[in-house]
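Everything in the sequence shown is counted per our numbering, starting at 1 for the first residue and increasing by one. Idealized CB from N, CA, C, for every residue including glycine.
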Amino acid sequence: MLTVPMLLEQVARGMAAPFVPLLGRFASIEGPFRLGLPTTVLAATRLGDTVCEMGIRLAADYIGHVRQNEDVRAGETWKQ
Numbered sequence: 001m002l003t004v005p006m007l008l009e010q011v012a013r014g015m016a017a018p019f020v021p022l023l024g025r026f027a028s029i030e031g032p033f034r035l036g037l038p039t040t041v042l043a044a045t046r047l048g049d050t051v052c053e054m055g056i057r058l059a060a061d062y063i064g065h066v067r068q069n070e071d072v073r074a075g076e077t078w079k080q
């Protein structure tokens with residue numbers, strides 16, 4: 001349901017993989033939830049809020065890196 005930035009792992013023969021420090025910012029598991037229950041509606045609302053908040057933070061980080069002329073495709077850029 002979420003898009004996580006992928007980086008090309010040069011060591012792994014050109015295989016694409018999620019960049020682990022960023023993956024940790026996105027990953028969480030909740031549930032299972034039964035459809036129609038109030039707890040399910042609250043969980044869906046939390047998911048929507050979290051996706052929006054993380055997207056805004058990631059966009060701000062991305063813009064900051066671009067302004068500093070950093071390579072946004074490099075893993076070292078995102079370790080900060």
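- Message: I'd like the list of long-range same chain contacts for E30, defined as Cβ closer than 6 angstroms, with 5 residues on each side in sequence excluded.
- Response: A43
- Message: I'd like the span of the alpha helix (DSSP H) that includes D49, first residue to last.
- Response: Residues P38 to R67.
- Taking the alpha helix (DSSP H) that E30 falls in, what are its first and last residues? Careful: E30 lies outside any alpha helix (DSSP H) and carries neither H nor E.
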